[in-house]
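Everything in the sequence shown is counted per the numbering used here, starting at 252 for the first residue and increasing by one. Notes to accompany the following structure.
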Amino acid sequence: MLTCSIASISNFCEVGVEMTKINENIEGIAGAIRAAYVTAPIPPIRTQLAFQEVDTAYEIQESNTAYWLAIGRRIVGCKIGLTSPAVQKQLGVDRPDFGILFADMQVPEGETIQLVRVLQPRIEAEVAFELGSDIDVSNPTVADIIRATAFVMPALEIVGSRIKKWDISIVDTIADNASSGLFVVGRDKRRLEGLDLREVVMRMTRHGDVVSEGKGAACLDNPLNAVAWLAGELGRRGRPLRAGDIVLSGALGPMVQVNPGDEFEATITGLGTVSARFGER
Numbered sequence: 252m253l254t255c256s257i258a259s260i261s262n263f264c265e266v267g268v269e270m271t272k273i274n275e276n277i278e279g280i281a282g283a284i285r286a287a288y289v290t291a292p293i294p295p296i297r298t299q300l301a302f303q304e305v306d307t308a309y310e311i312q313e314s315n316t317a318y319w320l321a322i323g324r325r326i327v328g329c330k331i332g333l334t335s336p337a338v339q340k341q342l343g344v345d346r347p348d349f350g351i352l353f354a355d356m357q358v359p360e361g362e363t364i365q366l367v368r369v370l371q372p373r374i375e376a377e378v379a380f381e382l383g384s385d386i387d388v389s390n391p392t393v394a395d396i397i398r399a400t401a402f403v404m405p406a407l408e409i410v411g412s413r414i415k416k417w418d419i420s421i422v423d424t425i426a427d428n429a430s431s432g433l434f435v436v437g438r439d440k441r442r443l444e445g446l447d448l449r450e451v452v453m454r455m456t457r458h459g460d461v462v463s464e465g466k467g468a469a470c471l472d473n474p475l476n477a478v479a480w481l482a483g484e485l486g487r488r489g490r491p492l493r494a495g496d497i498v499l500s501g502a503l504g505p506m507v508q509v510n511p512g513d514e515f516e517a518t519i520t521g522l523g524t525v526s527a528r529f530g531e532r
């Protein structure tokens, strides 16, 4: 026979009300982030969260992903953020994160990028992976990533933040789709055979002047480690990496602010070059 006290019913109701409030808060924050894309940066969202939990931030990100899919955007892969100690130091965070790449975020190399497309834009150079097969194993290893990779390419990610003055914590950037904006992938594709991604050297210039440098080891000691981390995280969240996905594996050096009229070129040894040109404001 099931018995239930008034107190237990009251507690259950209180929990239910609290969960409703949490869900409404998540949806409200997600909506505020979406609105910021076309209005202006908003204050840090961490001030609106009772618990500064990474999983809650990913729930906000997932809410917006579901919204964007419903209105017709298409997922083409994922980006990994905060893999470089230099970038972690810049932003005051201490762990990697990930965000979703949509088809309309990719800019063909050579096309002028209008600054209105990204709030508070910054740019970073990294290694992009194109997968040739699914990664749906539990606890994926670097060997699994190597087997699944079809090609690697040099890439430039134009990151942006919907949070005022880039005043972000780990939960702010995760909720904001890992501060994603746009990306450019180099035309040349390379097989992994014969490449030591840990030892590749990156040099990025603005109008010919060097503005950022780094090595593959700056990305979680090896970009392959970063992709293995991502594959594990996505697998646990029910969104495994699939054949054809593009993965931006994380910055090899410090981010650089983007100004009107800037032209950037990044060279990564063994992979080639990639460039991005920005319009005047």
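Backbone N, C-alpha and C fix where the C-beta goes; we use that ideal spot for every residue, glycine too.
Keeping to the same chain, check which residues put their C-beta closer than 8 Å to that of W480; ignore five residues upstream and five downstream. These residues qualify, in order along the chain: I331, P347 and L471.
Would you report the Cα separation of I414 and D427, rounded to the nearest angstrom? CA-CA distance, I414 to D427, rounds to 8 Å.
For the structure I just gave you, are there three or more beta carbon pairs, one from the region 516-524 and one from the region 447-457, closer than 8 Å? As far as the Cβ criterion goes, the region 516-524 touches the region 447-457, which means the pair count is three or higher.
If I measure Cβ to Cβ from R457 and keep anything under 6 Å in the same chain, skipping five residues before and after, which residues do I get? Cβ neighbours of R457 beyond the five flanking positions: D513 and F515.
Does the Cβ of N390 have 16 or more other Cβ atoms within 10 Å, making it buried, or fewer, making it exposed? Around the beta carbon of N390, fewer than 16 other beta carbons sit within 10 angstroms, so the residue counts as exposed.
Rounded separation between R325 and R442 - CA only: Rounded to whole angstroms, R325 to R442 spans 26 Å at the Cα level.
Buried or exposed for E304, please, with buried defined as at least 16 other CB atoms from any protein chain shown within 10 angstroms of its CB. E304 counts as exposed, since fewer than 16 other C-beta atoms from the protein chains shown sit within 10 angstroms of its C-beta.
DSSP three-state assignment for P405, whether helix, strand or coil: Three-state result, P405: strand.
Going by the CB atoms, is the gap between M453 and R466 shorter than 9 Å? In the sequence under discussion, the amino acid at residue 466 is Lys, which differs from the Arg named in the question. Between K466 and M453, the gap from beta carbon to beta carbon is short of 9 Å.
Less than 8 Å between the CB atoms is what I'm expecting for P491 and I386, so what's the real figure, rounded? Taking C-beta atoms under 8 Å as the contact rule, P491 and I386 qualify, at a distance of about 6 Å.
Closest to R373 by C-alpha separation, out of D439, R398, Y309 and L342, would be which residue? Here the closest residue by C-alpha is L342.
Identified DSSP bridge partners for Q357: According to the DSSP secondary-structure assignment, Q357 is paired through a beta bridge with F434.
Whole angstroms is fine: what's the gap from W319's alpha carbon to V498's? For W319 and V498, the distance between alpha carbons rounds to 19 Å.
Helix, strand or coil for L492 per DSSP? Strand at L492.
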